[in-house]
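Residue numbers (my numbering), protein chains in the order written: chain A, 1 to 94; chain B, 95 to 188; chain C, 189 to 282; chain D, 283 to 376; chain E, 377 to 470; chain F, 471 to 564; chain G, 565 to 658.
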Amino acid sequence: MLKPLGDRIVIEIVEQEEKTASGIVLPDSAKEKPQEGRVVAVGSGRVSDKGEKIAMEVSQGDHIIYSKFAGTEVKYEGKEYLVLRESDVLAVVQ
Amino acid sequence: MLKPLGDRIVIEIVEQEEKTASGIVLPDSAKEKPQEGRVVAVGSGRVSDKGEKIAMEVSQGDHIIYSKFAGTEVKYEGKEYLVLRESDVLAVVQ
Amino acid sequence: MLKPLGDRIVIEIVEQEEKTASGIVLPDSAKEKPQEGRVVAVGSGRVSDKGEKIAMEVSQGDHIIYSKFAGTEVKYEGKEYLVLRESDVLAVVQ
Amino acid sequence: MLKPLGDRIVIEIVEQEEKTASGIVLPDSAKEKPQEGRVVAVGSGRVSDKGEKIAMEVSQGDHIIYSKFAGTEVKYEGKEYLVLRESDVLAVVQ
Amino acid sequence: MLKPLGDRIVIEIVEQEEKTASGIVLPDSAKEKPQEGRVVAVGSGRVSDKGEKIAMEVSQGDHIIYSKFAGTEVKYEGKEYLVLRESDVLAVVQ
Amino acid sequence: MLKPLGDRIVIEIVEQEEKTASGIVLPDSAKEKPQEGRVVAVGSGRVSDKGEKIAMEVSQGDHIIYSKFAGTEVKYEGKEYLVLRESDVLAVVQ
Amino acid sequence: MLKPLGDRIVIEIVEQEEKTASGIVLPDSAKEKPQEGRVVAVGSGRVSDKGEKIAMEVSQGDHIIYSKFAGTEVKYEGKEYLVLRESDVLAVVQ
Chain A
1 MLKPLGDRIV
11 IEIVEQEEKT
21 ASGIVLPDSA
31 KEKPQEGRVV
41 AVGSGRVSDK
51 GEKIAMEVSQ
61 GDHIIYSKFA
71 GTEVKYEGKE
81 YLVLRESDVL
91 AVVQ
Chain B
95 MLKPLGDRIV
105 IEIVEQEEKT
115 ASGIVLPDSA
125 KEKPQEGRVV
135 AVGSGRVSDK
145 GEKIAMEVSQ
155 GDHIIYSKFA
165 GTEVKYEGKE
175 YLVLRESDVL
185 AVVQ
Chain C
189 MLKPLGDRIV
199 IEIVEQEEKT
209 ASGIVLPDSA
219 KEKPQEGRVV
229 AVGSGRVSDK
239 GEKIAMEVSQ
249 GDHIIYSKFA
259 GTEVKYEGKE
269 YLVLRESDVL
279 AVVQ
Chain D
283 MLKPLGDRIV
293 IEIVEQEEKT
303 ASGIVLPDSA
313 KEKPQEGRVV
323 AVGSGRVSDK
333 GEKIAMEVSQ
343 GDHIIYSKFA
353 GTEVKYEGKE
363 YLVLRESDVL
373 AVVQ
Chain E
377 MLKPLGDRIV
387 IEIVEQEEKT
397 ASGIVLPDSA
407 KEKPQEGRVV
417 AVGSGRVSDK
427 GEKIAMEVSQ
437 GDHIIYSKFA
447 GTEVKYEGKE
457 YLVLRESDVL
467 AVVQ
Chain F
471 MLKPLGDRIV
481 IEIVEQEEKT
491 ASGIVLPDSA
501 KEKPQEGRVV
511 AVGSGRVSDK
521 GEKIAMEVSQ
531 GDHIIYSKFA
541 GTEVKYEGKE
551 YLVLRESDVL
561 AVVQ
Chain G
565 MLKPLGDRIV
575 IEIVEQEEKT
585 ASGIVLPDSA
595 KEKPQEGRVV
605 AVGSGRVSDK
615 GEKIAMEVSQ
625 GDHIIYSKFA
635 GTEVKYEGKE
645 YLVLRESDVL
655 AVVQ
């Protein structure tokens, strides 16, 4: 299992083909395009200046959209993941 | 539903044609031009360094003007939205 | 009405022709030239790290001078306004 | 009267010809050269992240030296002034 | 022994050949590729602005993945190590 | 007298010829070379976010070494001085 | 004696020839190479935003490794020293 540090999360990328099902389609535009993912692991949160952990807003299993160019790719036990900071998550699909 | 994270909001873009009705017209100028939108979802607010949520000033349903080049476009269930940070909102039209 | 967010204000630009009356004339110089405006709406102030609003120094009706290249132009109900941050206000003319 | 905002001050520039009298002469050097001024108005001070005003060190009437390229020129009731931040003041001549 | 300062850690680099065993393989991509290491020494943590040590999340013996271009190489008693900041650690492999 | 503001100090530059006497000689190197000075006036210190003055470490009369390219030159009553920030002081010679 | 200010330290550089003895050898690599030194003087520490000194982790006599391009060279009473910030120290050799 990958345990992300601080305010990082590990996600599985949700491929373009699955997007129609979830109802999210990316428009054609010159703007930065977000992508979708499913959260598989969540860090324990960043530490405030008072030394206290700040709880994460994102939970394991969440379906999220995130900034396209964010994160670092990792392959673990044959599957590809992306390690993101929570601040790269735009919204949770509910 | 899209639930934005932190101090982000999700808006529907108010098109140029609707602008005459609301009374806001953008001047011809070399300056950055704001655009209008209607808030459809609001994040729970950013967390201060003391670990406390800072309440959002913008509410669901607000008619806002925002910086033109801000935000990330998302299409969700066939409609286009924009995910902005509250700090990209210039003013609320009341 | 336009309600600016955070530490922003909305001003009416005071045109160059009106400047002689108020007694402020801009010198010919290569430096950044300030301009004058009258405050028509004031935000509720920025939020401190303790989550408290910090009161604005500028009030509705104030005659201010501000940095020339600051702000975003908005036309609302046929009139032009400028949305500024309070930090772009140099001084109040009293 | 001009009332500067935050940690800003308004000064009258002390011309080069008056410098011999006050005893300060600028050396020939490639370094940034300071200039002299007399403080005519003082802001109420910047607000800390805790929401408290931080008192100004400079007072009305002080003879100061400041960084040459700092500030914004303003003409008010026929006289030229400079609006500076207190942090651009190097020293007070006592 | 090398005792890293602040929020730094000392790691042994886990070579590419060992990666198949641990199950992590790096994909071919233009993105920044993480690498693996094993933690051999941990600093006492960074000091907050309040003067308190903030505990490290990483422990001696942890198998980590980290940003490829992070850190400084050191050879000590014939072995190569890398000194990283904890913030360069993406995740712990558990 | 020159009274520096905040965390600034005023120093007399100690000339190169005097350096042999004090025992400090600058090596030939491509690195930034420090210079020596004697402190003639000390500001009251920077103000913390809590609004309290932070005491200066440097005192009037101290023999210091400082970063060569730091500070602003001032001539006052016929003598040359340099206005520095305390953070540009590397060490005190005791 | 040189008394460094704030979070600075003064070190004697440990030459390359001495490195075999201490067991640290720098690898051939394009990465930034650390160097070794022995601490001869330690500042009293940086001051937190609360106005309190933050204790130094490095002590006089410590054998340290530091970032190669950090610091300022000083010659004092015929010997060469380097003035570093504590944050440029990677690790203490114990």
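Built from N, CA and C at the ideal position, the CB exists for glycine as well. All values reported here derive from a predicted model rather than from experimental measurement.
Own chain residues within Cβ distance below 8 Å of residue i, not counting five before or after
| i | result |
| --- | --- |
| R290/C | No answer is possible for residue 290/C: it lies beyond the span of chain C, which begins at 189 and ends at 282. |
| E456/E | E388, I389, E449 and V450 |
| A135/B | M95, L96, K97, P98, I103, V104 and Q154 |
| R132/B | I105, E106, V108, G155, D156, H157 and I158 |
Candidates the options: closest to residue i by CA position
| i | options | result |
| --- | --- | --- |
| S435/E | I387/E, M377/E and L378/E | I387/E |
| T484/E | E579/G, G642/G and V653/G | Look at the range of chain E in this structure, 377 to 470, and you will see that residue 484/E is not part of it. |
Residues near residue i by beta carbon distance below 6 Å, same chain, minus five either side
| i | result |
| --- | --- |
| Y452/E | L378 |
| V93/A | H63 |
| I65/A | P34, E36, L90 and A91 |
| G288/D | G325 and R328 |
| E15/A | none |
| A634/G | L648 and D652 |
Burial state of residue i, where buried means 16 or more other Cβ atoms lie within 10 Å
| i | result |
| --- | --- |
| G360/D | exposed |
| A124/B | Bear in mind that the predicted position of A124/B carries a pLDDT of just 41, short of 50, making it too unreliable to give a figure here. |
| E299/D | Residue confidence for E299/D is low, a pLDDT of 46 falling below 50, so the modelled location carries little weight and cannot support an answer. |
The ligand NAP heavy atom lying under 7 Å from the CB of residue i
| i | result |
| --- | --- |
| A373/D | The ligand content of the structure shown is nil, which means the ligand NAP is not present either. |
Contact set for residue i: own chain, Cβ-Cβ below 7 Å, skip 5 residues either direction
| i | result |
| --- | --- |
| E245/C | E274 |
Exercise. Is the region 228-247 of chain C touching the region 146-156 of chain B in the sense that three or more CB pairs, one from each, lie closer than 8 Å?
Worked result: In short, these stretches touch, since the Cβ pair count reaches three.
Exercise. Can you list the alpha helix (DSSP H) stretches of 4 or more residues lying completely in the region 595-637 of chain G, in chain order?
Worked result: For the region 595-637 of chain G, not a single whole alpha helix (DSSP H) run of length 4 or above is found.
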